[in-house]
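Those protein sequence lines, which keep their order, are chains A and B. Mapping of the first sequence onto this note's numbering: position 164 corresponds to residue 495, and the numbering continues sequentially without gaps. Mapping of the second sequence onto this note's numbering: position 257 corresponds to residue 260, and the numbering continues sequentially without gaps. Don't be surprised by glycine CBs; every beta carbon is placed ideally from N, CA and C. All of these numbers come straight from a predicted model, not from anything done at the bench.
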Amino acid sequence: MTIATEASQAAAAPARPQRRGPARDFRATRWGWAYSAPAVLVFLAFVIVPTGYTFYVSLWKWNALNPALSKFKGLGNYQRLWDATQPTFLSSLWHSLYFTGAMVIGGTAISLALALLLQRGGALLNGTRVAVFLPHATPVIATSMIWTWIFNYKFGLADWALHSLHLPTSQWLQSSSSAMPAVVIYSLWHEVGFTTVVFLGGLAMLSDELSEAARVDGCSAWQEFWHVTWQQLKPVTVFVVAITAITSLQAFTQFYQLANGGPAYATTTLSYLVYEEAFVFSDTGYGAALAVVLFAVTVFFTLVRRRTASGDSHALV
Amino acid sequence: MSGPRASRGMAGASRAGRYARRVLAVLIGAAFVFPFYWTVVISLGRPGEFSSFPPVLLPHWDWSNWSRAWHSAPWLRLFGNTVLIASCTVVLCLVTSLLAGFAFGVLRFPGRKFLSLVVLSVLMMPGTVLIIPDYVLANDLHLLNTYWIQIIPWGASVFGIFLVRQFFLTMPAEILDAAALDGASRLRFLRSIGIPMVRPALVIIAINVFLGSWNSFLWPVIMTNTNMESGDTVQPIEVGLSTFASAEGTDFPGLAAAVTFTTLPVMIFFLLLQRQFIRGALSAAGGVRG
Chain A
332 MTIATEASQA
342 AAAPARPQRR
352 GPARDFRATR
362 WGWAYSAPAV
372 LVFLAFVIVP
382 TGYTFYVSLW
392 KWNALNPALS
402 KFKGLGNYQR
412 LWDATQPTFL
422 SSLWHSLYFT
432 GAMVIGGTAI
442 SLALALLLQR
452 GGALLNGTRV
462 AVFLPHATPV
472 IATSMIWTWI
482 FNYKFGLADW
492 ALHSLHLPTS
502 QWLQSSSSAM
512 PAVVIYSLWH
522 EVGFTTVVFL
532 GGLAMLSDEL
542 SEAARVDGCS
552 AWQEFWHVTW
562 QQLKPVTVFV
572 VAITAITSLQ
582 AFTQFYQLAN
592 GGPAYATTTL
602 SYLVYEEAFV
612 FSDTGYGAAL
622 AVVLFAVTVF
632 FTLVRRRTAS
642 GDSHALV
Chain B
4 MSGPRASRGM
14 AGASRAGRYA
24 RRVLAVLIGA
34 AFVFPFYWTV
44 VISLGRPGEF
54 SSFPPVLLPH
64 WDWSNWSRAW
74 HSAPWLRLFG
84 NTVLIASCTV
94 VLCLVTSLLA
104 GFAFGVLRFP
114 GRKFLSLVVL
124 SVLMMPGTVL
134 IIPDYVLAND
144 LHLLNTYWIQ
154 IIPWGASVFG
164 IFLVRQFFLT
174 MPAEILDAAA
184 LDGASRLRFL
194 RSIGIPMVRP
204 ALVIIAINVF
214 LGSWNSFLWP
224 VIMTNTNMES
234 GDTVQPIEVG
244 LSTFASAEGT
254 DFPGLAAAVT
264 FTTLPVMIFF
274 LLLQRQFIRG
284 ALSAAGGVRG
């Protein structure tokens, strides 16, 4: 596992004290910012300034065809968040949190189980590793279409499997109570490959001595997992939870292609509602207000993650 | 790394246990791949047979679905658009990541901390939030329905910058000493020593950015118009596929054929480079073990 050692060296390196010598002069330059300028400019122009602009747009009854005709509304768009007209903000916020919660719990549990199953295997287990990762590498649009057939209530594999097991069949995407679970099942299939590999990376870095000690002390397999493996995997688990939460909050394409936010708005999440209000109903100002709320939720998740992992300044998320 | 123990957490695993583990792994792998197999089956089926149980599980080798789907949309043009957009985005990302990763990992300059915080803050401002202001901006700049708006905004990657930075942080200081004594300029150092040193990072970035660009959907669907007839569309293939699906929604075999021939190139790309993909995912985890 050379990657693992590489990565841990990379993480450990900053602790090394700066040496004196010619390298110091080589490092110090007033023009250093210029090297970062191309990247920073792209981020400023298309990410940072636009985020501020979203706040601005959210204060207007925005006229998409001619912005000069927009009317200032103050916080009017934010007051509308509490309106009862379908699809409501509160229900879409609930759908986002439901989807995110299901993906975090389901995705973490499944990928940890898969990683434990697939660790240190031969060619066969490596083949399974590739098979599990494959959906993650294929486009969400194309694979969502495949899953609309799997969930089809006339000829789909999902109902056929339930039927063969003598279980009650489901309407899946056609019913407002089963549509969200169907989207979760699809998304788990698409996403767990990535997090499984992340867990495999974590497992490869575990200390063998602790496991040996546990076994010498007569721990059962379960005790060894719980007290030794799981404890050491905690940083990786925090990372998997954080990245799954953030990508799930942003998820859009599968909701668009599998269910179009329906039926009866049952799969209209906050991300989907931003798109729908701004680009289907052409209410750009209200869409921007929703985007600001989504931004606030994302910042909240990110800050919680930062607080729970103190002294861990090299993590990206 | 294969120690005396066959598997952690399975103390005293018998031979039967090892077999059970393999069988389970094969079944799970097959379950993950089965949807792709079934898509090929549907694409080679007869249009009438998709209305009742049991589902068709073996192909009927009816290739007419493929030619019908192939002639219904300018697939080659859409495919070319995707390759062009993804390749340009990769080149741009490699340049910006290399330069910024070098700046944050090697150089010392006033404002370094502040600028790296600016870059990190980008992670909190995701695409769904940006789509409205960026659409307004693109409209003002007359960039809607161009290749530019699909390339430039994605031309820098936080993941890429921090991956290059990590590689530079592991570099022994002696190399810098030598370069400084030789009197090499920073740009020359970057070109002749830096690039070879961070090449594995560049490969990971290239693959991830290429795939991210190929798989993106919300951005191009907002930033471009559907204009399939005229033949000069700038839309990528995934948007074309989605438009095709809403037009031909009930032609399951034709749609399955389109899904198959548009997804096959990505799959081959993945299977050829799967070791690097998995390396990339592992390096994402590497950052958490501080």
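*Could you spell out the range, first to last residue, of the alpha helix (DSSP H) harbouring PHE386(A)?*
As a working mapping, residue 386(A) is identified with position 55 in the first sequence. It spans 380-388 - the alpha helix (DSSP H) in which PHE386(A) sits, taken as one unbroken run.
*Find the residues of chain A that neighbour ALA209(B), judging by a C-beta separation of less than 7 Å, and give them in chain order.*
Taking the second sequence and counting its residues from 1, the one referred to as residue 209(B) is at position 206. Within 7 Å Cβ-Cβ: nothing; ALA209(B) doesn't reach chain A, min ~14 Å.
*Beta-carbon separation of VAL373(A) and ILE155(B) under 8 Å?*
For the purposes of this step, residue 373(A) is taken as residue 42 along the first sequence, with counting starting at 1. For the purposes of this step, residue 155(B) is taken as residue 152 along the second sequence, with counting starting at 1. Yes.
*Quick one: list the residues of chain B neighbouring THR382(A), beta-carbon separation under 8 Å, in chain order.*
Position 51 of the first sequence holds residue 382(A). Correct list: MET128, VAL132, LEU133 and PRO136.
*Locate the alpha helix (DSSP H) running through ARG546(A), then write down its first and last residues.*
Stepping through the first sequence from its first residue, residue 546(A) is reached at position 215. Counting along the chain, the alpha helix (DSSP H) containing ARG546(A) begins and ends at 539-547.
_Cutoff 7 Å; reference ILE152(B); Cβ partners in own chain excluding five residues on either side_ = By one-based count along the second sequence, residue 152(B) stands at place 149. Answer for ILE152(B): ALA141, LEU146 and MET226, listed in chain order.
_Tell me the DSSP secondary structure of ARG278(B) in three-state form._
Residue numbering aside, residue 278(B) sits at position 275 when the second sequence is read from its first letter. Helix at ARG278(B).
*Just curious, the alpha helix (DSSP H) that CYS91(B) is in, first and last residue?*
Here residue 91(B) is taken as the residue at index 88 of the second sequence, counted from 1. That run of the alpha helix (DSSP H) goes 78-108.
*So which residues on chain B does MET434(A) lean against when the C-beta distance must stay under 8 Å?*
For the purposes of this step, residue 434(A) is identified with residue 103 of the first sequence, where counting begins at 1. Per Cβ cutoff of 8 Å: no residues; MET434(A) is ~15 Å from chain B at best.
_Euclidean distance between Cα positions of ILE208(B) and GLY283(B)_ = By one-based count along the second sequence, residue 208(B) stands at place 205. By one-based count along the second sequence, residue 283(B) stands at place 280. The straight-line gap from Cα to Cα measures roughly 8 Å.
_Counted within 10 angstroms of its Cβ, other Cβ atoms place TRP66(B) as buried (16 or more) or exposed_ = For the purposes of this step, residue 66(B) is identified with residue 63 of the second sequence, where counting begins at 1. By the 10 Å Cβ count, TRP66(B) comes out exposed.
*Out of ILE271(B), VAL269(B) and PHE255(B), point me to the one whose CA is closest to THR479(A)'s CA.*
The residue you call residue 479(A) lines up with position 148 of the first sequence. The residue with the shortest Cα to Cα distance from THR479(A) is PHE255(B).
_Within-8 Å CB hit, VAL44(B) to chain A_ = Locating residue 44(B) in the second sequence gives position 41, where the first residue counts as 1. It does not: the Cβ of VAL44(B) has no partner Cβ on chain A nearer than 8 Å.
*Look up LYS404(A) in the DSSP assignment and say whether it is helix, strand or coil.*
Position 73 of the first sequence, counted from the first residue, corresponds to residue 404(A). Three-state DSSP puts LYS404(A) in coil, outside helix and strand.
_Residue environment, ASP185(B), which counts as buried when at least 16 other CB atoms sit within 10 Å_ = As a first step, residue 185(B) is located in the second sequence; it is residue number 182 there, counting from the start. Exposed, because fewer than 16 other Cβ atoms sit within 10 Å of the Cβ of ASP185(B).
*Does the distance from the CB of SER75(B) to the CB of GLU241(B) come in under 8 Å?*
Position 72 of the second sequence, counting from 1, holds the residue named residue 75(B). Position 238 of the second sequence, counting from 1, holds the residue named residue 241(B). For SER75(B) and GLU241(B), no; Cβs fall outside 8 Å.
*Can you tell me whether DSSP reads ARG451(A) as helix, strand or coil?*
For the purposes of this step, residue 451(A) is taken as residue 120 along the first sequence, with counting starting at 1. DSSP places ARG451(A) in coil when its eight states are reduced to three.
*In angstroms, rounded to a whole number, what distance separates the CA positions of LEU221(B) and VAL262(B)?*
For the purposes of this step, residue 221(B) is taken as the residue at position 218 of the second sequence. For the purposes of this step, residue 262(B) is taken as the residue at position 259 of the second sequence. For LEU221(B) and VAL262(B), the distance between alpha carbons rounds to 18 Å.
_Let me confirm a value: ARG24(B) is counted as buried when at least 16 other C-beta atoms fall within 10 Å, else exposed. Which label applies?_
Taking the first residue of the second sequence as 1, we reach residue 24(B) at position 21. Burial call: buried.
*To which residues does DSSP link TRP391(A) through a beta bridge?*
Indexing the first sequence from 1 puts residue 391(A) at position 60. DSSP, once it has assigned bridges, lists PHE403(A) as partnering TRP391(A).
*When burial is assigned at 16 or more other CB atoms within 10 Å of the CB, is GLU540(A) buried or exposed?*
Here the question's residue 540(A) lines up with position 209 in the first sequence. Per the 10 Å Cβ criterion, exposed.
*Is the number of C-beta pairs between the stretch 501-518 of chain A and the stretch 416-430 of chain A that are closer than 8 Å three or more?*
yes
*With VAL29(B) as the anchor, note down where its alpha helix (DSSP H) starts and where it stops.*
As a position in the second sequence, residue 29(B) is number 26, starting the count at 1. Per DSSP, VAL29(B) belongs to the alpha helix (DSSP H) from 18-46.
_C-beta contact flag for LEU531(A) and GLN563(A) at 8 Å_ = The count along the first sequence starts at 1 and reaches residue 531(A) at position 200. The count along the first sequence starts at 1 and reaches residue 563(A) at position 232. Taking 8 Å as the Cβ cut-off, LEU531(A) and GLN563(A) do not qualify as a contacting pair.
*For the candidate residues GLY158(B), LEU110(B), VAL122(B) and ASP137(B), whose alpha-carbon lies nearest to that of ALA619(A)?*
Against the first sequence, residue 619(A) aligns to sequence position 288. Nearest of GLY158(B), LEU110(B), VAL122(B) and ASP137(B) to ALA619(A), Cα basis: ASP137(B).
_Taking 8 Å as the threshold (beta carbon to beta carbon), is ALA622(A) in contact with chain B?_
Locating residue 622(A) in the first sequence gives position 291, counting from the first residue. Taking Cβ atoms only, chain B reaches closer than 8 Å to ALA622(A), which makes this a yes.
*Tell me, please, whether the CB atom of SER245(B) is closer than 8 Å to any CB atom in chain A?*
The residue labelled residue 245(B) in the question sits at position 242 within the second sequence. So yes, SER245(B) belongs to the interface.
*Can you name the residues of chain B whose CB is closer than 8 Å to the CB of GLY487(A)?*
Numbered from its first residue, the first sequence carries residue 487(A) at position 156. The contacting residues are PRO58.
*At a Cβ cut of 8 Å, what residues of the stretch 461-482 of chain A count as close to chain B, listed as they run along the chain?*
VAL461, ALA462, VAL463, PHE464, LEU465, PRO466, ALA468, THR469, PRO470, VAL471, ILE472, ALA473, THR474, MET476, ILE477, TRP478, TRP480 and ILE481
*Would TRP64(B) be called buried (16 or more neighbouring beta carbons within 10 Å of its own) or exposed?*
On the second sequence, position 61 is the one that residue 64(B) refers to. That one is exposed.
_the stretch 404-418 of chain A / the stretch 613-631 of chain A touching (three or more Cβ pairs under 8 Å)_ = yes
*Any beta-carbon of chain D closer than 8 Å to the one on GLN588(A)?*
You won't find chain D in this structure, because its protein chains are A and B.
*Terminal residues of the continuous alpha helix (DSSP H) containing PRO223(B)?*
The residue you call residue 223(B) lines up with position 220 of the second sequence. 221-226 is the extent of the alpha helix (DSSP H) around PRO223(B).
*Using a Cβ cut-off of 8 Å, pull out every chain A residue sitting near LEU214(B), in sequence order please.*
Residue mapping note: residue 214(B) aligns to position 211 of the second sequence, counting from 1. Under the 8 Å cutoff, chain A gives ALA468.
*Shortest alpha-carbon distance to GLN588(A) belongs to which of PHE247(B), ARG189(B) and MET128(B)?*
Residue numbering aside, residue 588(A) sits at position 257 when the first sequence is read from its first letter. The residue with the shortest Cα to Cα distance from GLN588(A) is PHE247(B).
_Does any residue of chain A have a CB that is nearer than 8 Å to the CB of PHE255(B)?_
Taking the first residue of the second sequence as position 1, residue 255(B) is located at position 252. It does: the Cβ of PHE255(B) has a partner Cβ on chain A nearer than 8 Å.
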